[in-house]
Amino acid sequence: MKSNFTLLLNLRSRKWHHRPPTNQPNSGQHPAPMSSPTTTTPNTIVSLRSQLAAASSLSINFANDGHGGLKVIQEKFGLSEMLPVERNLLDGKWHSVALSGRSGGGYIAVYIDCRWANSFVLSRGAIELPQYPVIEAGHDIELGQLTLVPGDTAVRLQCGTDTIPITDNENRQVTSYFEGIN
20 MKSNFTLLLN LRSRKWHHRP PTNQPNSGQH PAPMSSPTTT TPNTIVSLRS QLAAASSLSI
80 NFANDGHGGL KVIQEKFGLS EMLPVERNLL DGKWHSVALS GRSGGGYIAV YIDCRWANSF
140 VLSRGAIELP QYPVIEAGHD IELGQLTLVP GDTAVRLQCG TDTIPITDNE NRQVTSYFEG
200 IN
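Note that the sequence shown covers residues 20 to 201 in our numbering.
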């Protein structure tokens with residue numbers, strides 16, 4: 020699907036060791052390190068894959084560099100494109116992540132905790148949401164929200180303080196959005 024969209028997530032990592040309290044003696048060893056990820060870093064946050072065998076997929080993963088950043092990966096036509104976002108999300112705190120696709124998906128903006136993190140112009144075409152999507156969530160995260168919204172302006176709504184009522188009780192807008200890709 021080549022159209023403008025926003026994917027909104029609230030998440031936190033479950034795989035995190037916290038720093039021991041500073042008033043605890045550490046038996047003469049070196050000072051306790053700041054919080055650091057476990058040896059096996061969680062990878063998949065969320066993946067949208069098509070039920071069709073030869074279709075595109077979109078994945079958002081934790082980076083494997085130990086810093087807790089993100090990788091946005093678009094796979095289609097046997098090719099993949101990785102978009103790195105350097106922000107620490109492995110601190111055990113809740114974070115909001117918004118991925119906005121504009122210009123038919125050829126321009127991607129990523130916002131973390133209501134702040135712009137990075138933007139990308141895709142070199143291999145537009146980012147696409149797969150037809151007949153299957154959503155897979157990672158095992159080492161907690162998802163508080165996973166919302167896909169038509170249009171690229173919902174990022175500002177994710178961070179707004181105003182309460183916005185949901186008036187689409189029969190889910191017609193979302194259904195129409197996905198049916199439009201057939």
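Virtual Cβ for every residue (Gly too), placed ideally from N, Cα, C.
Three-state class that DSSP yields for Ser-54 in the structure shown = Because the pLDDT of Ser-54 is 36, which lies under 50, any placement of that residue in the model is unreliable, and the number read from its coordinates should be weighed accordingly. Of the three classes helix, strand and coil, the one that applies to Ser-54 here is coil, per DSSP.
When the Cα of Ser-115 is compared with those of Leu-67, Ser-32 and Phe-24, which residue comes out closest?
-> Of the residues Leu-67, Ser-32 and Phe-24, the one whose Cα lies closest to the Cα of Ser-115 is Ser-32.
Between which two residues does the beta strand (DSSP E) containing Trp-206 stretch?
-> Here the chain covers residues 20 to 201 and nothing more, so residue 206 does not appear.
Segment contact, 8 Å Cβ cut-off, at least three pairs: the stretch 161-178 with the stretch 70-82 | no
Where Ser-22 falls: helix, strand or coil (DSSP) | coil
Bridge partner(s) assigned by DSSP for Gln-164 | Partner(s): Asn-29.
As assigned by DSSP and simplified to three states, the class of Ser-75 | The answer is coil: DSSP assigns Ser-75 none of H, G, I, E or B.
Count the other CB atoms within 10 Å of the CB of Glu-105; is the residue buried (16 or more) or exposed (fewer)?
-> Result: exposed.
Going along the chain, which residues of its own chain have a beta-carbon closer than 7 Å to the beta-carbon of Lys-112, five neighbours each way excluded?
-> Excluding sequence neighbours, Lys-112 sits near Arg-31.
Mark Thr-59 as exposed unless 16 or more other C-beta atoms lie within 10 angstroms of its C-beta, in which case mark it buried.
-> Only weak support is given to the placement of Thr-59: the predicted model assigns it a pLDDT of 35, under 50, and the question is left unresolved by the model.
One or two residues paired with Ser-119 in a DSSP bridge = Thr-25 and Ala-128
Bridge-paired residues (DSSP) for Arg-68 | Ser-76 and Val-153
Could you check the C-alpha separation between Thr-172 and Lys-34 for me, to the nearest Å?
-> 32 Å
So Ile-127 and Phe-139 are in contact, right, with Cβ under 8 Å, and what is the actual spacing, rounded?
-> Confirmed, about 5 Å.
Give every residue of the same chain whose Cβ lies closer than 6 Å to the Cβ of Pro-152, excluding the five residues on either side of it in the sequence, and list them in chain order.
-> Leu-67
Below 6 Å CB to CB, which residues in the same chain sit around Ile-119 once its five sequence neighbours on both sides are set aside?
-> This sequence places Ser at residue 119; Ile is not what is there. Cβ neighbours of Ser-119 beyond the five flanking positions: Thr-25, Ala-128, Asp-171 and Val-174.
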